[in-house]
Structure formats: C-alpha cells, structure tokens
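Down below is the structure, laid out as structure tokens.
Number of protein chains: 2
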Amino acid sequence: MSIEKVARLAGVSKATVSRVLNQHPGVRPETRTRVLAAINVCEYQPNLLARQLRTSQSNMLLVLISDITNPFCSRVVEGIEAEAEAQGYHILLCNTRSQLRREAAYIALLTGKVADGVITMDAADCLQELQGLIGESPWVQCAEYDPAIPASSVSINNREAAFETVRFLADKGRRRIALVNCDMRYLYSHQREGGYRDALEQLDLHWSRVAYAGNITCEAGSAALRELLTGPDRPDAVFAVSDVLAVGVVHAALEAGLRVPEDLAVVGFDGINFTSSLNPPLTTIEQPMNQLGARSVQLLLNRIRQPHAPIVHEVLPWKRVERASS
Amino acid sequence: MSIEKVARLAGVSKATVSRVLNQHPGVRPETRTRVLAAINVCEYQPNLLARQLRTSQSNMLLVLISDITNPFCSRVVEGIEAEAEAQGYHILLCNTRSQLRREAAYIALLTGKVADGVITMDAADCLQELQGLIGESPWVQCAEYDPAIPASSVSINNREAAFETVRFLADKGRRRIALVNCDMRYLYSHQREGGYRDALEQLDLHWSRVAYAGNITCEAGSAALRELLTGPDRPDAVFAVSDVLAVGVVHAALEAGLRVPEDLAVVGFDGINFTSSLNPPLTTIEQPMNQLGARSVQLLLNRIRQPHAPIVHEVLPWKRVERASS
DNA sequence: CTGAAAGCGCTTACAG
DNA sequence: CTGAAAGCGCTTACAG
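Each protein sequence line maps, in turn, to chains A and B. Under the UniProt record's numbering, the final residue of the first sequence carries the number 326; numbering is consecutive throughout. Under the UniProt record's numbering, the final residue of the second sequence carries the number 326; numbering is consecutive throughout.
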C-alpha cells in the first residue's frame, strides 16, 4: 500500500515511484522531483521484504560460527562484516556451538530465501551433515573445510605452520616439544598435529607428547599443561594450537614454578591482539583473520553473482611473530 | 509457485498445504499425511520471505554493536543470540564502530520490516541520532543508554561499581588511586568516572589522576599507564574501566619495573574469561554479560508482542572478583 | 517517458 | 474440514 500512497501523492503510478526509488534512468527530472517530494512528505520507507521477495535476492549472508566468544572467530567475523557491508550485504549471525539443531534452524533461512549464501566456520566434522541441509546454495567454508565438499574454502596451511613452529623451537635448542591440541572434530587439530609429528620425525626428535584441551579456554590450557607436567620428563617447550590455550599454559607453568621461556618455551596460534601484552609476551603464529573473513565474502559473492563460478580452495599466508615466550 | 506445486501433487488447495505447514488444527489426518508426503516428495522448502511479508513479522532481531572484537561485546552477543534462538528469533549483526553511516544502512532493515526490533550497544553519544532513524520501532538499549530516550534499557550501576572499587582499594591502604578511562562518548565512562570522583571526595583522598585511553586495546592501556607514571608522584593503584585496558596497564607496569600489586594495584572491569589466567590474575568487576544480552532480548520481545508494554530501565547486579593483582 | 497489469509465494478471512 | 479469492508491497516486462 505504501508505494501506492506515494504514487497518489505525486500523481504518478507505482511503477514510476519504483523507478525513482531504484534510480532508473529515464524518468523525467520534473517527475522525479515530484516523487521525491512525496516520499519526503509521507516519510516513506520501502518495505524491503517485498522487494526481496520480488527480486528474489535478500543481500543477506548467513554466517555460522561455532563460538563468537573465541577471539579468533570474532576477528574473522569482523572481517566478514566489513567486507559484506562494503559490498552492500548484511550479516545474519548464528552462534552454533557446532550443534546441528541450531544450525538447521538458520539454514532454513538460507533455503527459505532470507539469505543469499552462507559462510561456515563450523568444525569440519559436522560439515558433511551441513552439506545435506545446504544443498546447492552458495557456500564458502572459512578456516574449517572438508575437501570432499563441493564448496569453496579459505584457510591457511596449518600443517606447514605447525611444522615450521616445531622446527623453530628445535632450532632454539628445544628437545622435548609438546603439543597442546584441542578437539579432534576440527580439521585444524588434525593438520597441526600432523605437522607437529612430521617435524619431529624429520628432525629426528623422539620425545613427543600431546595433551588435548576439552575446549578453547585458558583453564583448559592450564589443565593440559598440568597433564604434561605429570610425566617422567617434562617438556621444555609447548606449542599450543590457540593463543587462548597458550595463556593458560603460561599461567599453569608459572604457577608450577617454571620460568617462561627459560624452563619452558611457549608458542601460541592465531595472533590475537592481547598476546603482545602478556607477561611474557607470547610468540604466536599469526593468521590473517580479517583476510580470512574478507576473502570468504568475496568468493561467496562471486558464486552468488555467477552461480557457475569455479570452486576454489584459497590458502592464505601465516606469519610467525616472535616474542619473549620462546 | 512452490506451495502450489505441493498442492497439486497432494490434490488439495494451497490453503490446506499452508494449514498443514503451520500445524493448524482441524485438518483431516488423512489429508494431512497426503500433504506431508507431497512435501517430502518434492523436497519443498517454504519461502520465508513470502511468509514474512504476508504475516508482517520476520522473527529477526537487529543487533548494533560498536566492536565485536571487544570480549565484553562478544559475550553479550552470545547471550543475545542464545536467548533469541530459544524464543525462535534470529540475529542480524551490525558491527557499527559507532559510525552513523553504517548504522543507518542496517536500520533501514528495521524500518523496512526485515527485522522486528533492535538492540543497541552503541555509545550513548550517538543514541539521539539513532533515535531519529529508529523512530517508533521496538528498541532496547543494552549497557549504553540515554535516559531521555523512550526505549527500555538494561545495564548495571556503573557509578556504584566504580565507587565501591575505589573504596575497596582505599581499604587496602592505597592512597594514590588513578583511573584509566576511555572515550567519553560512552555513558559508562562518565558514570565510572563519576563514581571514582565521588569516592575520592567522600574518602577524603585528595590525590586524583585520570588518563584516557584512545580505544579499548591493551596498547592503549599501556600508553595510559605510561602517562600516569610521568607525574611527580606515581599512583599506587589503577582502576581501569575495562579488562583489556587493565592487561595493558599491568604489562606497562611490569615493563617499567613496578611490581603488581606491591607497587601498583590494578583492578579491571567486565570479568572477561582470561583475567583469571593472567600473571598476576586480575581483580575485576564482573558484569553479568550473558544476562545483559538475554534480558535485552526478553524486554524487546515483550515490546514486540505487546507494543504498549511499559518502558523499563533494568539494572543488573555487578560483582567484584578479587584476585592477586590488588 | 509513463502506466496498467501480472506476479513473487505465501496466509487468512470468508464461504460452503 | 476444505477451497477460491484477496492481498502483503514491491518490480518488471509490455504497451503506448
């Protein structure tokens, strides 16, 4: 009814109002200003729902992340949101905790045309099930991906990053390098552990030890270190697969009377902001978090705009940031 | 067209399919199963856009936050998302950086019926302008609010929390208590500084000093402390209005050769998870972050469901968590 | 350059 | 218990 009201006020048809609204060329200037005036008078706000239904595009992107509280995730989301906004898209956020039930409810929005595409950051482990729900809809897998799924992905080379980190620690003279890993539902857990083991083997380091954190919290990191300290000989270095875990590792180490890095070198992963302000500052493997998000959006929009755009698996560079903890 | 396809397949009318879809009572069981079967056969997915347009409700909530990267914000968002999901609503997230331009684009979604209501966490300073855009739409102000705006709010008593924190430090024998504040665009900055000054006055403490951090980062916290250390006599305690700033304060203090808490007691604000794993663990004022989010959703839904529900200003409790840094 | 009409895919009184 | 019809508020060929 609303566009109709404007039309009556301006003495034109709904079509003309629509043309003005969408800045179509070829509306007589005089008509245009009359319509604009009418729009102002009645404070007309277009009903976007109707527009979306009619044009069958919503300019909305669905984002499925497992934990918005994880600083890595929130930085990626920041990147996603900024790029989406720059391209005229908006973000529908679902904090899934990798639970299919929650995911399903949101994906109904995708198949229900409320969103034009989806970016997932869920554990690789549940991607196959998601595939069934998402079907053919435009989809980009961010950070976590399943190579068997026909959807683009953006990630880093986790195996290489882990491999080089172990080599870095070995170069510094460390001989008993432990890994604090987490949940094996995640692809990165497998890849980083793979890199860790490869490096130990290649470097002929026979001491190896892995502790698994139950979740990505400092407490879980502390618990993991305590577990590592129970063995007959202690590690002299710990590589944690997340900065948050590393904070807990350092905390538990100091609590146990160890000096960092003298007695125990610690390296984290992600490159979260606060790592540079810890005591000691934390050495970490920095992921291009904003880029991961931004590129995901770009690839997704490619697919939305040209449904037959090729599927690509993009690998972004990581970077070691050396600080006092190692 | 789609519901029509199902209807043809099942040999009924669109109306009947719709009734089955919405579990209306009074559909003959036999008809029901026939429709359900047809739905399965053609893998029908309802177009939610059409439904939303027709019923003029979207079950979508717009969330405007200034910085998703701030751990406080992401915890509140977590609370918002969880409660919304529990009530059958979804979240549209805008990372505004308190920029009106970005906000305006999202608010168009609200007035354009894509969202049923809005929760803002933006700086109080830009709330008046938002008011103009939001108009009469259901709105809850979370953490930051403007008392002059006719919309509900959920927050804590910042003035009281700051007051009690200063008293707590004074009780511990501290005499030169400084404040590390941030951006005065925020209401909480004013309130906490107010509480700080009130307490000093009431306690007859004449030493006072405030440093302003340019943003909520550890680096800004460090810079603020360095500034405080330039004076003739140093503070013996710092109250920082955010845990993130406090991390930077502690870092710069240690760097300057001060012991925490012996030479300088430090108290943060928010109750972010990692504060307990810092070295030393950080004393902080804990805000009920999930509750702030959850209650905001509840108040907003009240308003959405009954547009004449009264406006309320809810104040949630805060809690001091005492640790080694003070 | 502008308008009348069809249609996006649903839901909901209103009849029967 | 079920169906025909109107309508949510737009946009877009198609005429003129």
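We put the beta carbon where it would ideally sit given N, CA and C, even for glycine.
Taking 8 Å as the CB-CB cut-off, is B/GLY74 touching chain A?
The residue you asked about is not Gly; residue 74 of chain B is Ser in the sequence shown. It does: the Cβ of B/SER74 has a partner Cβ on chain A nearer than 8 Å.
Would you call the region 90 to 104 of chain A and the region 56 to 70 of chain A touching, i.e. three or more CB-CB distances under 8 Å?
yes
Just reading off the beta strand (DSSP E) that A/PHE274 is part of, what are its end residues?
It is not in any beta strand (DSSP E) - A/PHE274 carries neither H nor E in the DSSP assignment.
Counting only C-beta atoms, is B/ALA151 closer than 8 Å to chain A at any point?
no
Using only the alpha-carbon positions, how far apart do B/SER13 and B/VAL6 sit?
9 Å
Counterpart residues of A/LYS319 in DSSP-defined beta bridges
A/GLU286
Contacts that B/ILE68 makes with chain A (C-beta to C-beta distance below 8 Å):
ILE68, SER74, VAL77, GLU78, GLU81
With 7 Å as the C-beta to C-beta threshold (strictly closer), list the residues of the UniProt domain "HTH lacI-type" (1 to 55) of chain B near chain A in chain order.
Here the close residues are GLN45, PRO46, ASN47, LEU48, LEU49, ALA50, GLN52, LEU53.
Bridge-paired residues (DSSP) for B/ILE65
Per DSSP, B/ASN95.
Check the DSSP bridge columns for residue 332 of chain B and list the partner residues they point to.
Only positions 1 to 326 of chain B appear in the structure, and residue 332 of chain B is not among them; the question remains open.
Expected contact under 8 Å - CB spacing of A/GLY221 and A/VAL260 to nearest Å:
In fact, because the Cβ distance is near 13 Å, the residues do not count as touching under 8 Å.
Whether B/ILE134 touches B/LEU110 by CB criterion (8 Å):
yes
Checking the sheet assignment: what are the DSSP bridge partners for B/TRP126?
First, the amino acid is wrong: residue 126 of chain B is Cys here, not Trp. None; B/CYS126 has no bridge partner.
Going by C-alpha distance, which of B/ALA10, B/CYS142, B/GLY194, B/PRO71 is nearest B/ARG295?
B/CYS142
Going along the chain, which residues of its own chain have a beta-carbon closer than 8 Å to the beta-carbon of A/SER74, five neighbours each way excluded?
Beyond the five residues adjoining it in sequence on each side, A/SER74 comes within less than 8 Å, by CB distance, of ILE68 in the same chain, given in chain order.
What residues from chain A crowd round B/VAL180, counting only those whose CB sits closer than 8 Å?
Contact of B/VAL180 with chain A by beta-carbon distance below 8 Å is absent, the smallest such distance being about 14 Å.
Whole-angstrom distance between A/VAL140 and residue 336 of chain A, CA atom to CA atom:
Any question about residue 336 of chain A goes unanswered here, given that chain A covers just 1 to 326.
Express the C-alpha separation of A/GLU144 and A/GLN191 in angstroms, rounding to a whole number.
11 Å
With DSSP run on the structure shown, which of helix, strand or coil describes A/GLN41?
Residue identity differs from the one stated: residue 41 of chain A is Val in this sequence, not Gln. Helix, per DSSP.
Indicate the three-state DSSP secondary structure (helix, strand or coil) for B/ALA262 in the structure shown.
Position check: residue 262 of chain B holds Glu in this sequence, whereas Ala was assumed. B/GLU262 falls in the coil class under three-state DSSP.
Taking 8 Å as the cut-off, decide whether the C-beta atoms of A/GLU227 and A/ALA237 are in contact.
For the pair A/GLU227 and A/ALA237, the CB atoms are not nearer than the 8 Å cut-off.
CB contact below 8 Å: B/CYS218 versus chain A
Residue contact with chain A for B/CYS218: present (Cβ-Cβ distance below 8 Å to some residue of chain A).
So, does the region 296 to 310 of chain A touch the region 275 to 285 of chain A, judging by three or more C-beta pairs under 8 Å?
no
Between the beta-carbon of A/VAL20 and the beta-carbon of A/ARG32, is there less than 8 Å?
Yes, Cβ-Cβ distance for A/VAL20 and A/ARG32 is below 8 Å.
Mind checking the region 88 to 109 of chain B against chain A and listing, in chain order, the residues whose C-beta falls within less than 8 Å of any C-beta there?
Per Cβ criterion, the list reads HIS90, ILE91, LEU92, LEU93, CYS94, ASN95, ARG102, ALA105, TYR106, ALA108, LEU109.
If the cut-off is 9 Å on Cβ atoms, which residues from the region 281 to 313 of chain A count as contacting chain B, listed in chain order?
PRO281
Interface partners of A/THR111 on chain B, CB under 7 Å
GLN45
Residue interval of the alpha helix (DSSP H) (run including B/ILE3)
B/ILE3 -> alpha helix (DSSP H) spans 2 to 10.
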